[in-house]
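Engineer: The structure follows.
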Amino acid sequence: MAKMADLPKLVDAALALSESGKIDILVHNAATGDDCHLADLTEEFYESQTDVNLKAPIFLTQLVLPHIAQGGRIVMVTSVSARLGIAQQTIYAATKAALEGVCKVWATELGRKHGITVNCVSPGPVATDMWNECEPEVLADFQPAIDATPAAARVGEVSDIAPVVALYFHLLLAQCISNQFLWTGKSDNYAYLVVDDKSKDAVIIDPANPEEVAPVLREQINSGKINLTAIVNTHHHWDHAGGNKQLLDLPEFKGKPVIGGKDCDVVTTTPKNGEGFKIGDISVKAIYTPCHTQDSICWLMEDSTGRVVFTGDTLFHGGCGRFFEGSAEEMNIALNKTLASLPDDTKVYPGHEYTKANVKFALSVLQSEAVKKLSSFAENNKETQGKFTIGDEKEHNVFMRVDDPEIQKATGKTDPIDVMSKLREMKNNFKDEGNFATWEAGVDEFYEGSSVSPYLELLKHNNIMPPKRRVAAAPAEAPAAPKARQSKLAKENNITGAEENEIREAFALFAQKKKGEKEGVIPIGDVRRAMIALDIQPTSDELEEFVSILDPEEEGYAEYESFVAICALKFHNRDRTSDSHSKELDEAFRLFTAGGGEDKITIATLKRVAKQLREEVDEEMLRDMILEANGGAGVGKGVEKEEFEEIMRRAGVWR
Numbered sequence: 002m003a004k005m006a007d008l009p010k011l012v013d014a015a016l017a018l019s020e021s022g023k024i025d026i027l028v029h030n031a032a033t034g035d036d037c038h039l040a041d042l043t044e045e046f047y048e049s050q051t052d053v054n055l056k057a058p059i060f061l062t063q064l065v066l067p068h069i070a071q072g073g074r075i076v077m078v079t080s081v082s083a084r085l086g087i088a089q090q091t092i093y094a095a096t097k098a099a100l101e102g103v104c105k106v107w108a109t110e111l112g113r114k115h116g117i118t119v120n121c122v123s124p125g126p127v128a129t130d131m132w133n134e135c136e137p138e139v140l141a142d143f144q145p146a147i148d149a150t151p152a153a154a155r156v157g158e159v160s161d162i163a164p165v166v167a168l169y170f171h172l173l174l175a176q177c178i179s180n181q182f183l184w185t186g187k188s189d190n191y192a193y194l195v196v197d198d199k200s201k202d203a204v205i206i207d208p209a210n211p212e213e214v215a216p217v218l219r220e221q222i223n224s225g226k227i228n229l230t231a232i233v234n235t236h237h238h239w240d241h242a243g244g245n246k247q248l249l250d251l252p253e254f255k256g257k258p259v260i261g262g263k264d265c266d267v268v269t270t271t272p273k274n275g276e277g278f279k280i281g282d283i284s285v286k287a288i289y290t291p292c293h294t295q296d297s298i299c300w301l302m303e304d305s306t307g308r309v310v311f312t313g314d315t316l317f318h319g320g321c322g323r324f325f326e327g328s329a330e331e332m333n334i335a336l337n338k339t340l341a342s343l344p345d346d347t348k349v350y351p352g353h354e355y356t357k358a359n360v361k362f363a364l365s366v367l368q369s370e371a372v373k374k375l376s377s378f379a380e381n382n383k384e385t386q387g388k389f390t391i392g393d394e395k396e397h398n399v400f401m402r403v404d405d406p407e408i409q410k411a412t413g414k415t416d417p418i419d420v421m422s423k424l425r426e427m428k429n430n431f432k433d434e435g436n437f438a439t440w441e442a443g444v445d446e447f448y449e450g451s452s453v454s455p456y457l458e459l460l461k462h463n464n465i466m467p468p469k470r471r472v473a474a475a476p477a478e479a480p481a482a483p484k485a486r487q488s489k490l491a492k493e494n495n496i497t498g499a500e501e502n503e504i505r506e507a508f509a510l511f512a513q514k515k516k517g518e519k520e521g522v523i524p525i526g527d528v529r530r531a532m533i534a535l536d537i538q539p540t541s542d543e544l545e546e547f548v549s550i551l552d553p554e555e556e557g558y559a560e561y562e563s564f565v566a567i568c569a570l571k572f573h574n575r576d577r578t579s580d581s582h583s584k585e586l587d588e589a590f591r592l593f594t595a596g597g598g599e600d601k602i603t604i605a606t607l608k609r610v611a612k613q614l615r616e617e618v619d620e621e622m623l624r625d626m627i628l629e630a631n632g633g634a635g636v637g638k639g640v641e642k643e644e645f646e647e648i649m650r651r652a653g654v655w656r
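Just so you know, we're using the working numbering here: the sequence shown kicks off at 2 and counts up by one.
See below:
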């Protein structure tokens, strides 16, 4: 393995055994791990480990690349030593940390071009033959690594590791299909591909980002690995069902049924509670869990090997979704009656990777061993989906322990519904110590006494709102501006270089410096304002969702790349809905005017428009906006259709 000349022999041997002439799976498992104090290191010792642990995997992968099947898998077995700082492991830890970095690079480089998934498995000490042959004093040196192993403070067995490696070959894939540790992209949300081995029938759950998902699905279909039968949604929010239409517009997905709640985009089938369907031999059942949204459905799937439940934004590991469209009573039923009644061994696959943030809050109200164990796992694992069961959630999820005396004491409530309500309120307002500071709380005081709302004044201050009712002078002819170069980030989010420049300018209006962030960071309180500057005003529900996505650990700020991803999705959604929005605008304007296009809308009718469109809009904001729109001519004078559209957009009625 350490000799470059030997590597082609491995490839030739694999190809000789392959019926297809291709290599489907490459696992980098070989390693050498002798210990040595820093003072005793030699160049020979360094090369003996780096050649096997790092050089060989890199160049073996290079040799395999021309032969690996489209959609193949690469798995690298690394080690907790990469992060634990164990004495005498300078070279070993460095090689394993390097492999984890290589994993991230290859996931990006090989994923899009070849459809190859690249992932790591990072165990602690494992009882292999090499381990069993070590002297007792050598084994004793590994105790810190054993104690720090996230899953359990014991030596691992081969049977512990093999299923994890197998998971990367089979069944469940994250939204980007390939990324570090089955990671899920900038929005921390999962999509899952569920495949029946025998029939190859498959469904894709919540494919919110078609630009990432479609190429891999296409390859899987074209190579005969899957027969995609449907798109399945857990609820209608854009980061779960927002990719349906775009996916169905592609030729290979046209006509596929969309199975989900009644409000999901282009849904074709909404099963009743308890109804289901089959994916080959896999039985699927719809479990209604209204609260986060009224159309929330958890999907229970069972076959002869076990059962799993896809919970969307209803249940997370250690937490639950916000009550956007429901009540504490509904969430209590969803978690503590409906889902809690499932067999304890049911594995949970949530819609987002929020475990780390959830457990920080949990520890503030419950100091149980189960919560501490979850905290340890979350600190050492970026990816937690499918690692815990319904039985585990009953132990470490505070929202599923509303009868726990310690939690009741922390909330000051005893009735389960009251406890649920108070927990959600506490979680919404929870800020971990050391969070990034935001000045949003001071905005109202800063503008106190102003005749114009702080919201509008801030827009004016940053020259975001152009003056109304002015005839623009004819612009002088100018040479065409050079086309903005499309960066890697722009390509990843399917936007132009010019669109990214717009996003960067809006971000810069509110950005603050932060070490390690080239573009700085933006306080969460300014996300809405920055999006207004881009004319992609989020609705109140969207803003809540964006905040939970941009700042899952509730640190108080959003990073540039995450902000770009959110804005890009809004850009795409805006482009897709512009025609339907024009019709909606005309209908809304006619609804509240007698004669149509020549009439004007006043403050009184604006309030009715907002009510008709099911949005609560602050009257003071509407007044300010009318004054801004008509140049201060008075609230009673009203506005025409063009200004009406802009007002309602900025008020949050339209996106």
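Beta carbons: idealized from backbone N, C-alpha and C, even for Gly. Quantities reported herein were computed from a predicted structural model and do not represent experimental measurements.
Using only the alpha-carbon positions, how far apart do ASN464 and LYS383 sit?
Structural biologist: Confidence at ASN464 is low in this model, with a pLDDT of 31, below 50, so the placement of that residue should be treated as unreliable; the coordinate-derived value is given next. Each residue's Cα considered, the two are about 40 Å apart.
Engineer: Evaluate GLN90 with the Cβ neighbour count: other Cβ atoms within 10 Å of its Cβ, from every protein chain shown; 16 or more gives buried, anything less gives exposed.
Structural biologist: Taking all protein chains shown into account, GLN90 has 16 or more neighbouring C-beta atoms within 10 Å of its C-beta and is therefore buried.
Engineer: From ALA566 to SER200, what does the alpha carbon distance come to, in whole angstroms?
Structural biologist: 36 Å
Engineer: Quick one: which unbroken alpha helix (DSSP H) runs of 4-plus residues sit fully inside the stretch 480 to 553? Chain order, please.
Structural biologist: The stretch 480 to 553 contains these whole alpha helix (DSSP H) runs: 489 to 493, 498 to 511, 528 to 534 and 541 to 551.
Engineer: Do the CB positions of LEU16 and THR62 come within less than 8 Å of each other?
Structural biologist: no
Engineer: Going by the DSSP bridge assignment, what does THR118 pair with across the sheet?
Structural biologist: In the DSSP output, where bridge partners are listed per residue, THR118 has ARG74.
Engineer: Between which two residues does the beta strand (DSSP E) containing TYR289 stretch?
Structural biologist: 283 to 289
Engineer: Among ILE298, GLY319, LYS255 and ASP346, which one has its Cα closest to the Cα of HIS236?
Structural biologist: Of the listed residues, the one whose Cα sits closest to HIS236 is ILE298.
Engineer: Could you have a look at PHE60 and say whether DSSP puts it in helix, strand or coil?
Structural biologist: Note: PHE60 maps to helix in three-state DSSP.
Engineer: State the Cα-Cα distance for the pair ARG321 and THR230, rounded to the nearest angstrom.
Structural biologist: It is Cys, not Arg, that sits at residue 321 in the sequence shown. Linking CYS321 to THR230 through their CA atoms gives a straight-line distance of about 30 Å.
Engineer: Helix, strand or coil for ALA652 per DSSP?
Structural biologist: In this predicted model, ALA652 has a pLDDT of only 49, less than 50, meaning its place in the structure is not dependable; the value taken from the coordinates is given anyway. Correct three-state label for ALA652: coil.
Engineer: Let me check understanding here. Comparing Cα to Cα, which of ALA192, THR290 and LYS286 lies closest to GLY244?
Structural biologist: ALA192
Engineer: Which same chain residues, not among the five before or five after TYR289, have their C-beta less than 7 Å away from its C-beta?
Structural biologist: Taken in chain order, the residues that qualify are ASN274 and ILE298.
Engineer: At the level of alpha carbons, what is the spacing between PRO553 and ILE87?
Structural biologist: 30 Å
Engineer: Report the residue from THR390, GLU503 and THR96 whose alpha carbon sits nearest the alpha carbon of ASP662.
Structural biologist: Residue 662 falls outside the range modelled here, since the chain spans only 2 to 656, and no answer is possible.
Engineer: Can the beta-carbon of LEU424 be found less than 8 Å from the beta-carbon of THR412?
Structural biologist: yes
Engineer: Is DSSP giving GLN295 helix, strand or coil here?
Structural biologist: coil
Engineer: Can you give me the start and stop residues for the beta strand (DSSP E) that PRO351 sits inside?
Structural biologist: Where PRO351 is concerned, the enclosing beta strand (DSSP E) stretches over 348 to 351.
Engineer: Under a three-way DSSP split, which group does ARG219 fall into?
Structural biologist: Annotated three-state conformation of ARG219 is helix, per DSSP.
Engineer: Run the CB neighbour count on ASP296, radius 10 Å, all protein chains shown included, and call it buried at 16 or more, exposed below.
Structural biologist: Buried, since its Cβ has 16 or more Cβ neighbours within 10 Å.
Engineer: For the stretch 319 to 360, list the alpha helix (DSSP H) runs that are entirely contained and at least 4 residues long, ordered along the chain.
Structural biologist: 329 to 334
Engineer: What three-state label does DSSP hand ARG425 in the structure shown?
Structural biologist: helix
Engineer: Quick check: what's the CA-CA separation for ASP13 versus LEU55?
Structural biologist: 21 Å
Engineer: Please state the DSSP three-state secondary structure of LEU249.
Structural biologist: helix
Engineer: Determine the DSSP secondary structure at GLU560, reduced to helix, strand or coil.
Structural biologist: strand
Engineer: Just to confirm, is the Cβ distance from GLU276 to ALA287 under 8 Å?
Structural biologist: Yes, they are a contact pair.
Engineer: Using DSSP with H/G/I as helix, E/B as strand and the rest coil, what is ILE87?
Structural biologist: coil
Engineer: For LEU614, which three-state DSSP category applies?
Structural biologist: Note that LEU614 has pLDDT 49, beneath the 50 cutoff, so the model's placement of it is unreliable and no number is given.
Engineer: Can you tell me which of the three DSSP states ILE26 falls into?
Structural biologist: strand
Engineer: Using alpha carbons as the reference points, say which of GLU212, THR540 and THR315 lies closest to HIS573.
Structural biologist: GLU212
Engineer: Between ALA379 and ALA31, what straight-line distance do the alpha-carbon atoms span, to the nearest angstrom?
Structural biologist: 27 Å
Engineer: What does the Cβ neighbour count give for MET401, buried or exposed, with the cut at 16 atoms within 10 Å?
Structural biologist: buried
Engineer: Within its chain, find whatever has a CB closer than 6 Å to the CB of LEU551; leave out the 5 residues flanking it on each side and keep chain order.
Structural biologist: ALA559 and SER563
Engineer: Measure the beta-carbon distance from VAL267 to LEU249 and round it to whole angstroms, keeping in mind my assumption that it falls under 8 Å.
Structural biologist: Your pair VAL267 and LEU249 checks out as a contact, with CB atoms roughly 6 Å apart and the cut at 8 Å.
Engineer: Can you give the Cα-Cα distance for ALA512 and LEU18, rounded to whole angstroms?
Structural biologist: 57 Å
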